[in-house]
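Asker: This structure is in structure tokens; I'll ask about it shortly.
Next comes the structure, spelled out in structure tokens:
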């Protein structure tokens, strides 16, 4: 929040001071207001301290075992990743996301690669990524082998769309099948 406000104030001081043309000062002030309002909305967006996501430790066997009955979301993250921390503080704490996860009984696994985690890193690579933050949402049933993927920085709205898509893919399944990824 303070970083965005600081950037807004810096640009206002640089481009909106009294020696600049009035149109430039007005534009600079509008940019300042937009940055402050955006920062406020981002960091105060529908958060709740009452409900949280319950994270299970990453366990591929458990994910595969439950694929017939439950959508599974795997969040690849690390302590040293600032983008991961941003996503966790915004998208993953949104009350809309938390409510959707609870309402739809979605299993949430955290694959922490702060230190070496070969099983999680192998799946991450098999899903076509080497970077985090990364989310794979595995539909239940026949479409389990077609996870919905979110890469890099994403919003609560992006995550809700991806979760909804995984739910829809699950409903298209007739006969569950197991996917084995070594």
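Numbering (my numbering), first residue to last: -15 to 166. Yeah, the Cβ is synthetic: ideal placement off N, Cα and C, and Gly gets one too.
With a threshold of 16 other CB atoms inside 10 Å of the CB of residue 124, please say whether the residue is buried or exposed.
Answerer: Classification of residue 124: buried, given that the 10 Å Cβ count is 16 or more.
Asker: If you draw a straight line from the alpha carbon of residue 154 to that of residue 120, how long is it in whole angstroms?
Answerer: Their backbone Cα atoms lie some 14 angstroms apart in a straight line.
Asker: Which term fits residue 18, buried or exposed, when burial requires 16 or more other beta carbons within 10 angstroms of its beta carbon?
Answerer: It is exposed - the Cβ of residue 18 has fewer than 16 other Cβ atoms within 10 Å.
Asker: Can you tell which of 97, 13, 53, 44 has its C-alpha closest to the C-alpha of residue -6?
Answerer: Of the candidates 97, 13, 53, 44, the one whose C-alpha sits nearest the C-alpha of residue -6 is 13.
Asker: Among 141, -12, -10, 147, whose alpha-carbon lies nearest the alpha-carbon of residue 74?
Answerer: Measuring from the Cα of residue 74, the nearest candidate turns out to be 141.
Asker: If you draw a straight line from the C-alpha of residue 60 to the C-alpha of residue 9, how long is it?
Answerer: Rounded to whole angstroms, residue 60 to residue 9 spans 44 angstroms at the Cα level.
Asker: Which residue marks the beginning of the beta strand (DSSP E) containing residue 153, and which one marks its end?
Answerer: Element bounds for residue 153: not the beta strand (DSSP E) but the alpha helix (DSSP H), 140 to 155.
Asker: By Cβ distance, which residues of its chain are closer than 7 angstroms to residue 94, with the 5 residues on each side in sequence left out?
Answerer: Contacts found: 39, 41, 42, 59, 61.
Asker: Using the Cα positions of residue -14 and residue 64, report the straight-line distance between them to the nearest angstrom.
Answerer: About 21 angstroms.
Asker: Quick one: using the 10 Å Cβ neighbour count with 16 as the cut-off for buried, is residue 127 buried or exposed?
Answerer: By the 10 Å Cβ count, residue 127 comes out buried.
Asker: If the criterion is Cβ atoms closer than 9 angstroms, does the pair residue 138 and residue 55 meet it?
Answerer: For residue 138 and residue 55, no; Cβs fall outside 9 angstroms.
Asker: Hey, out of 16, 77, 68, whose CA is closest to residue 1's CA?
Answerer: Ranking the options by Cα distance to residue 1, first place goes to 16.
Asker: Could you tell me the alpha carbon to alpha carbon distance between residue 77 and residue 36, rounded to whole angstroms?
Answerer: For residue 77 and residue 36, the distance between alpha carbons rounds to 7 angstroms.
Asker: If residue 23 sits next to residue 50, beta carbons under 8 angstroms apart, how far is it from one beta carbon to the other, in whole angstroms?
Answerer: No, residue 23 and residue 50 are not in contact; Cβ-Cβ is about 39 angstroms, not under 8 angstroms.
Asker: How many angstroms separate the CA atom of residue 32 from the CA atom of residue 79?
Answerer: The pLDDT assigned to residue 32 is 45, lower than 50, so where the model puts this residue is not dependable; a value taken from the coordinates is nonetheless given after this. Distance between the alpha carbons of residue 32 and residue 79 is about 6 angstroms.
Asker: On the CB-based measure, 16 or more other CB atoms within 10 Å of its CB, does residue -3 come out buried or exposed?
Answerer: Looking at its Cβ environment, which holds fewer than 16 other Cβ atoms inside 10 Å, residue -3 is exposed.
Asker: Quick one: give me the first and last residue of the beta strand (DSSP E) that residue 94 is part of.
Answerer: Counting along the chain, the beta strand (DSSP E) containing residue 94 begins and ends at 91 to 96.
Asker: Please confirm whether residue 116 and residue 97 have their CB atoms less than 9 angstroms apart.
Answerer: Yes, Cβ-Cβ distance for residue 116 and residue 97 is below 9 angstroms.
Asker: Which term fits residue 57, buried or exposed, when burial requires 16 or more other beta carbons within 10 angstroms of its beta carbon?
Answerer: So residue 57 ends up on the buried side.
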